[in-house]
Amino acid sequence: MLAVAVPAFALAVALLAWLYTWGPLNPVSTALAEQGPLVVESGWKGLGSPIVRVHSAAALSVLEILEVKGRAPRNTYDRLAFGEAWLDVDRNGCDTRNDILARDLMQGQLVTGSGCLWVSGKLADPYTGEELDFSRGAQSSKAIQIDHVVALGNAWQTGAQQLTVEQRQSLANDPLNLLAVDGPTNVQKSDGDAATWLPPNRAFRCRYVARQISVKAAYRLWLTQAEKDAMKRVLSACPRQQTLESGYGP
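For the sequence shown, our numbering assigns the number 853 to the last residue and increments by one with no breaks.
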């Protein structure tokens, strides 16, 4: 009788843990669900899907439901925890870097005979406000980089350690969290959050912070108090700024 009871108890504990971590008892999931039309669907659907699918809504409202606490240790951070760069998680035959270049470049030209590789184009850089030339070559990845808007190092310290490998891969490759930007400016940003770094282009800051909030909500990441305060300061100038939905399709 005891032999049957022990596995049953273990199963019940495991189910309860899942409900608190990923299911309806998770505080972030509950808060999102209470917003009504804010959530299209919650629950993990596999690689190439956000954990929570969030409708466009006032960024300030979504900010208020994100958990606030201190950073987790960084000493165990490894870029490979988010998968190799760059994967083809949407299985369209092109890696994520080229998907983002296709989305963000203007007047883009493909390598002859290639459906993915971009040889040239122009970028309206959101971080500096300048127009940049893109030319495929050894130095192009330095001149124009694909930035994780919520840096992976920051994500690791604000909840990503608790995600599965596939969920972290989705986070790292979600177009919602990616922008083609000026390389040197991206290097300056490093793993900074909104409390330590904001784009020099002030006209883009509202959209930048709203995108960070969108990512944090979609992948159940938390904020530090300083990060939240910085986001609120930015959004005070644009209280109607909306969040963005995941770059992955339904």
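Heads up, the beta-carbon is just placed ideally off N, CA and C, and yes, glycines get one too.
Cβ-Cβ distance between residue i and residue j below 7 Å
i: Val-753; j: Gln-815; result: yes
i: Ala-820; j: Val-722; result: no
i: Val-837; j: Val-818; result: no
i: Gln-742; j: Lys-725; result: no
i: Tyr-851; j: Gly-651; result: yes
i: Leu-669; j: Leu-801; result: no
Nearest candidate by alpha-carbon position, reference residue i, set the options
i: Ala-775; options: Ile-703, Gly-696, Thr-846 and Arg-674; result: Ile-703
i: Gly-756; options: Asp-794, Pro-778, Gln-748 and Gln-742; result: Asp-794
i: Tyr-680; options: Gln-712, Val-655, Lys-745 and Arg-771; result: Arg-771
i: Lys-792; options: Thr-731, Arg-843, Thr-699 and Leu-683; result: Thr-731
i: Asn-678; options: Leu-781, Trp-759 and Arg-843; result: Trp-759
i: Cys-809; options: Asp-796, Pro-842 and Asn-780; result: Pro-842
i: Ala-806; options: Glu-733, Asn-780 and Pro-853; result: Glu-733
i: Thr-699; options: Ser-773, Ser-717, Leu-683 and Ala-684; result: Ser-773
CA-to-CA distance, residue j to residue i, given in whole angstroms
i: Val-790; j: Pro-729; result: 15 Å
i: Lys-831; j: Leu-735; result: 32 Å
i: Met-834; j: Ala-688; result: 28 Å
i: Ala-798; j: Gln-845; result: 20 Å
i: Gln-765; j: Ala-660; result: 26 Å
i: Ala-763; j: Leu-824; result: 7 Å
i: Arg-739; j: Ser-849; result: 28 Å
i: His-751; j: Ala-675; result: 19 Å
i: Gln-748; j: Val-784; result: 6 Å
i: Pro-778; j: Asp-693; result: 10 Å
i: Pro-787; j: Lys-745; result: 7 Å
i: Ser-839; j: Leu-663; result: 9 Å
i: Asp-707; j: Asn-701; result: 10 Å
i: Ala-705; j: Cys-719; result: 8 Å
i: Thr-715; j: Cys-697; result: 15 Å
i: Gln-828; j: Thr-761; result: 12 Å
i: Val-655; j: Leu-713; result: 34 Å
i: His-658; j: Glu-667; result: 16 Å
i: Leu-847; j: Asp-796; result: 18 Å
i: Pro-803; j: Ala-727; result: 14 Å
i: Gly-854; j: Phe-737; result: For the chain, the structure presents residues 604 to 853; residue 854 sits outside this window and is missing.
i: Pro-853; j: Pro-653; result: 10 Å
i: Gly-673; j: Ser-717; result: 46 Å
i: Phe-569; j: Val-671; result: This structure cannot settle anything about residue 569, because the visible part of the chain is limited to 604 through 853.
i: Val-643; j: Leu-683; result: Annotation note: pLDDT 43 at Val-643 (below 50); position unreliable, coordinate value reported separately. Spanning the two alpha carbons is a distance of roughly 30 Å.
i: Leu-782; j: Asp-691; result: 16 Å
i: Asn-780; j: Asn-695; result: 18 Å
Proximity test, residue i beta-carbon vs the ligand MN heavy atom, cut-off 6 Å
i: Tyr-851; result: Among the components of this structure there are no ligands whatsoever, and the ligand MN is therefore not found.
- Item | Minimum length 4: unbroken alpha helix (DSSP H) runs contained in the stretch 745-769 | With a minimum length of 4 residues, the continuous alpha helix (DSSP H) runs that stay inside the stretch 745-769 are 755-760.
- Task: Please specify which runs of the beta strand (DSSP E), each continuous and at least 3 residues long, are wholly inside the stretch 685-717, giving them in chain order.
- Result: List check, beta strand (DSSP E) in window: 708-713.
- Query: Which runs of the beta strand (DSSP E) spanning at least 3 residues fall entirely within the stretch 774-803, listed in chain order?
  - Reply: Listed in chain order, the complete beta strand (DSSP E) runs (minimum 3 residues) inside the stretch 774-803 are 781-785.
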